[in-house]
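Reading through the structure tokens given below for one structure.
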Amino acid sequence: MATGDFSDRDGLIWIDGEIVPWRDAKVHILTHGLHYASSVFEGERAYEGNIFLCQEHSERFIRSADLIDMPMPYTAEELNNAKYEILKANNLSDAYIRPVAWRGSEQLGISAQDTKTHVAIACWEWPSYFGDEAREKGISLEIAKWRAPMPDTATTASKAAGLYATHTMSKHAAEANGFTDALMLDYRGLVAECTGANIFMVKDGKIKTPVPDCFLNGLTRQTVIKLAQEHNIDIEECQIELDELLAADEIFVTGTAAEITAIGKINDNEYTVGPVTRQLREAYESLVRQKNAIAA
Ligand SMILES: Cc1ncc(COP(=O)(O)O)c(C=O)c1O
């Protein structure tokens, strides 16, 4: 992951239809999004100049905004064009892309009817989310104190900034204890997801993954389900108890940033990077480099 202050870099950022120097892409301190978390974002990757699932990410971005009642001023097509425009302007072909939309400073208070939705898109080089060692050994997870909320208490299907406060706290707590990331259970105590990735388990050659009824149904998750079906691997979306997960033969997580990353440890339980994880990882790595790849 890139280090250093993200506000102090060379490069260009697309903001409200204009391309501006990286250091000039600023918002005012009285921005509604900053005070009331009226903000949604995306995380995407370009491989060899091709944005993987570009259209699907744009559609999710619009849907995320819609779910928090924030009008999105651009169509998916306009967003797609803007993403490619800023990628090219920065001369990047393998990159992470971060679109973000937020309510501006036109009004400050709970009511935000007079605010405008602003949109920015930044991109930068970002090789591997968890680093190369994770490839062979897998990453470690600690079970978080925080849980995925009931779907009628939060906009859980939206990639809304406000949902990430507990994810950051969970990740910090895990890191403080020497783990890479945190595994979050849901409000019922069932297995949910990690702080920025979905989770899968393999037992006796069969894959299981939790039903995304109170957390983000990741595009990588949907892609991996399709890949498993194409490879004739038995896969089921179902409720998973923690004990069942801990007794798995293989565990892996999926996400745009994480791609497919094996789990080597959850609390004191250890796992190896198994054959199903390796097979799907290989299939995913080849798919993302195909032009016009389509999700499930
Ligand atoms: C909380 C959370 N869950 C799951 C995911 C995986 O989603 P995707 O595969 O669409 O990147 C992400 C990443 O966006 C995330 O932040």
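Terminal number for the sequence shown in the working numbering: 570, no gaps in between.
Even for Gly, the Cβ is constructed at its ideal location relative to N, Cα and C.
The structure presented is a predicted model; accordingly, all values stated were derived computationally and were not measured.
Other residues of its chain near residue i: CB distance less than 6 Å, five sequence neighbours each side excluded
i	result
Glu510	Lys482
Phe335	Glu316, Pro373
Ala582	Absent from the structure is residue 582, since the part of the chain shown begins at 275 and ends at 570.
Ala536	Gly412, Phe526, Val547, Thr551
Gly285	Trp296, Asn364
Three-state secondary structure assigned by DSSP to residue i
i	result
Ala276	Because the pLDDT at Ala276 is just 45, under 50, the model does not fix this residue reliably, and the point stays unresolved.
Asn364	coil
Leu486	Sequence inspection shows Pro at residue 486; the Leu mentioned does not correspond to that position. If DSSP states are grouped into helix, strand and coil, Pro486 belongs with coil.
His392	strand
Ala536	strand
Ala570	Note that Ala570 has pLDDT 44, beneath the 50 cutoff, so the model's placement of it is unreliable and the number below is only indicative. It is coil, neither helix nor strand.
Leu437	helix
Ser414	strand
Gly548	coil
Glu524	strand
Ala431	coil
Cys267	Any answer about residue 267 is impossible in this case: the structure gives the chain only from 275 up to 570.
Beta-carbon separation (whole angstroms), residue i vs residue j, contact threshold 8 Å
i	j	result
Leu501	Tyr558	6 Å
Glu316	Lys433	6 Å
His446	Leu382	About 29 Å separates the two Cβ atoms, so there is no contact after all.
Met458	Ile514	13 Å between Cβ atoms; not a contact.
Glu524	Gly548	4 Å
Ala396	Ile287	5 Å
Asn541	Glu416	6 Å
Ala375	Val314	5 Å
Proximity of residue i and residue j at Cβ, strictly below 9 Å
i	j	result
Gln553	Ile507	yes
Ala532	Gly470	yes
Gly405	Asn472	no
Leu464	Pro484	yes
Met346	Ser312	no
Ser332	Asn354	yes
Thr442	Ile342	no
Cys512	Ala422	no
7 Å Cβ shell around residue i - same chain, five flanking residues per side excluded
i	result
Gly378	Thr305, His306, Thr389, Lys390, His392
Gln503	Ile509
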